[in-house]
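Q: Take this structure first; my questions come after.
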Amino acid sequence: MKSIIICLVVLFVACKVSAKTEVGQAGVIASPSHVAPANAGIVTPVAPYFLDAETVNAYGCVIMPHYSDTIIYRLNGEICEAEQFVPVGTAVTVTATPVEGYEFPEDTVTTWTHTIRYVGPRPPVFIDANNRFIVIIPSPGTGQVTYSINTDEAYEGEYYFSYGDTVTVTVEPANGDYFSANTVTSWTHTFGSGTSP
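Pasting the structure below:
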């Protein structure tokens, strides 16, 4: 009789231990690391970039955000995923919409409007300080202008000179394009003179 009671007690304890193990295992399976985060469907749109025209009769450019499988971008109502050249004076509106299953954070900017305008060529930058004598040629924007340093064609980037050097940077419109009257197209600087154009 004693041995029967002992066997029953051992069996009861074994069952309890087994039950606890089962519950523990279930807890691991349902741990938070396996639950999708609450903001899994939240995405944020990227603003487009508007590049104005450097010559009067040319085009500006709307640079759209990179392709996204969670956001749809539209230019003036049409789905657009690439650069678009736009005539001067044209108003453009870019909108962003999340695809089904996604949403934007509250108060997110989803519309950008800009009118393409003529801004003329960008001037170079002259650095003349601490024994550094540098000319920085800006990006030619939409490719409508060409820069030169002392008559040699120059591309976007830094150009190094010496104390006392005189440098003249000029800019010309592409064939068939033109600048408006009174547009500054030439800048001259002598390094070490203490003044910049």
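Reading the sequence shown from the start, the letters are residues -19 to -1, 1 to 178 in mature numbering (1 follows the signal peptide of the UniProt record, and there is no 0). All C-beta atoms, glycine included, are put in the ideal place defined by N, C-alpha and C. On a predicted model such as this, the values are computed, not experimentally measured, just so you know.
Please confirm whether F160 and V69 have their CB atoms less than 8 Å apart.
A: no
Q: Apply the 10 Å Cβ neighbour rule to N128 and answer buried if 16 or more other Cβ atoms are within range, or exposed otherwise.
A: Per the sequence shown, the amino acid found at residue 128 is Tyr instead of Asn. Per the 10 Å Cβ criterion, buried.
Q: Pull up the CB-CB distance for L56 and I44, whole angstroms please, since I reckon it's below 8 Å.
A: Actually they are not in contact, since the Cβ atoms of L56 and I44 sit about 11 Å apart, beyond 8 Å.
Q: When you compare the CB positions of A155 and V126, do they come within less than 8 Å of one another, or not?
A: With contacts defined as CB atoms closer than 8 Å, A155 and V126 qualify as a contacting pair.
Q: If the criterion is Cβ atoms closer than 8 Å, does the pair P79 and V27 meet it?
A: no
Q: Pull the bridge partners of Q65 from the DSSP assignment, please.
A: V43
Q: On the three-state DSSP scale, how would you describe D146?
A: coil
Q: For the beta strand (DSSP E) containing C167, name the first residue and the last one.
A: Looking at the sequence itself, residue 167 is Ser, so the reference to Cys does not match. Unbroken beta strand (DSSP E) run through S167: 167 to 171.
Q: Hey, how far is the Cα of G145 from the Cα of N112?
A: 11 Å
Q: Given 7 Å as the limit, tell me if E59 has its C-beta closer than that to any heavy atom belonging to the ligand GTP.
A: Here there are no bound small molecules, and the ligand GTP is not part of this structure.
Q: Check the C-beta distance from G41 over to I97 and give it rounded, since I have them as a contact under 8 Å.
A: Contact between G41 and I97 holds: CB atoms are separated by about 3 Å, below the 8 Å threshold.
Q: In its own chain, which residues sit with a C-beta less than 8 Å from the C-beta of E64, not counting the 5 before and 5 after it?
A: C42, V43, I44, M45
Q: With P102 and V116 assumed to form a contact (beta carbons below 8 Å), what rounded beta-carbon distance in angstroms separates them?
A: Their Cβ separation, rounded to whole angstroms, is 15 Å, which puts P102 and V116 out of contact at 8 Å.
Q: Is the beta carbon of T92 closer than 8 Å to that of T76?
A: yes
Q: Quick one: complete beta strand (DSSP E) runs, 3+ long, within the stretch 73 to 146?
A: 92 to 96, 106 to 110, 113 to 118, 126 to 130, 133 to 135, 138 to 141
Q: Would you report the Cα separation of residue 179 and T169, rounded to the nearest angstrom?
A: Outside the modelled stretch of the chain, which goes from -19 to 178, sits residue 179, for which no answer is possible.
Q: Is there a Cβ from chain D that is less than 8 Å from the Cβ of T25?
A: Note that chain D does not occur in the displayed structure, where there is just one protein chain.
Q: Evaluate E35 with the Cβ neighbour count: other Cβ atoms within 10 Å of its Cβ, from every protein chain shown; 16 or more gives buried, anything less gives exposed.
A: buried
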